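**Student:**
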Amino acid sequence: MSNNNAKITVAMITMNEEQAVAVVVRDIQRVVPGAKILIVDSSTDRTATIAEEMGVQVIRQIPPRGYGPAMDLALRSAGTEVVVTLDCDNTYPTEFILPLAEGILRDDYDLVDASRLEHKPQAMPWINYLANWGFALIASALFLQRITDLHSGMRAYRRSILDCMQYRADGAALPVELLLRPLRQGMKVKSIFIPYRERIGVSTLRPLHSALWTARRILSARFC
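Going by the working numbering, 54 is the number at position 42 of the sequence shown; the sequence numbering is gapless.
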């Protein structure tokens with residue numbers, strides 16, 4: 013698989029992650045040496061500087077435009093056959109980057125999702141877990157297949173499907189739509205379970221705002 017590392021971009025968006033960025037980038041470089049690492053950054057701290065010093069391609073999005081536009085820019089700027097998304101807070105295990113990418117490069121899937129919810133992660137607050145579980149149950153009923161984690165920040169996408177997928181980039185909870193639209197369009201989608209860890213730094217999640225956007229994206233992906 014090492015010969016295929018150049019076909020992989022690991023894409024992240026960052027907002028004041030200077031406590032975690034070096035740890036995460038170092039881990040990525042260890043498990044997929046030669047892969048491209050791309051960050052879309054809207055920080056006011058040293059996140060971008062630290063990343064650039066470690067050889068990461070950094071695209072600055074100042075002033076910040078929010079999670080959705082930043083993720084959209086990261087996905088569309090990758091330029092490689094496979095794009096693996098990752099949160100830059102050390103919650104996701106970088107050891108799963110290769111298994112996710114192999115699902116596309118070797119097994120011919122279009123999207124491989126890394127679900128955190130085989131069971132409740134110790135690092136996830138109960139309110140977040142119950143909200144994630146409930147929305148996944150609703151989506152499973154609407155799309156007639158079992159979905160366990162709509163909000164995972166770790167997925168592998170075949171670059172070509174991003175070019176033909178229509179979605180609304182602005183707003184929160186974009187990963188919901190990036191999973192459900194390929195399912196609706198009959199693309200080959202696979203899910204694997206991963207562990208989920210305590211984050212480094214302070215979360216910027218706005219639960220109510222995210223919940224409203226989640227509901228909107230589920231309905232949009234199913235009926236629009």
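We put the CB at the ideal spot given by N, CA and C, even for glycine. All figures in this text were calculated on a predicted structure; none of them were measured in a lab.
1. Quick one: any contact between the region 78 to 91 and the region 52 to 61, if contact means 3 or more CB pairs under 8 Å?
2. Can you give the beta carbon distance from Val237 to Leu117, rounded, assuming they're within the 8 Å contact cut?
3. If you drop the 5 nearest sequence neighbours on each side, which residues of the same chain put their C-beta closer than 7 Å to that of Ile62?
4. Helix, strand or coil for Gln41 per DSSP?
5. Of all the options Arg58, Leu110, Met199, Val188, which has the alpha carbon lying nearest to the alpha carbon of Gly46?
6. Just checking, does the region 221 to 231 make contact with the region 178 to 195 on the three C-beta pairs under 8 Å criterion?
7. Does DSSP classify Val70 as helix, strand or coil?
8. Write down the C-beta distance between Ile246 and Val44 rounded to the nearest angstrom, noting that I regard them as a contact closer than 8 Å.
9. Among Leu87, Glu107, Arg72, whose alpha-carbon lies nearest the alpha-carbon of Gln41?
10. When the distance is taken between beta carbons, is Arg171 closer than 8 Å to Ala126?
11. Would the region 202 to 222 count as touching the region 97 to 106 if we require 3 or more Cβ pairs under 8 Å?
12. Using DSSP's beta-bridge definition, name the partner residues of Phe205.
13. Which full runs of the alpha helix (DSSP H) of 4+ residues lie inside the region 101 to 174, going along the chain?
14. List the residues that DSSP assigns as beta-bridge partners of Thr26.
**Tutor:** For this structure:
1. yes
2. No information on residue 237 is available, as it lies outside the stretch 13 to 236 that the chain covers here.
3. Glu30, Val33, Ala34
4. In this structure, Gln41 counts as helix in the three-state DSSP scheme.
5. Leu110
6. These segments touch.
7. strand
8. With the chain covering only 13 through 236, there is no way to say anything about residue 246.
9. For the residues Leu87, Glu107, Arg72, the minimum Cα distance to Gln41 belongs to Glu107.
10. No, these two residues do not count as a Cβ contact at 8 Å.
11. yes
12. Ser127
13. 109 to 117, 138 to 155
14. Asp53
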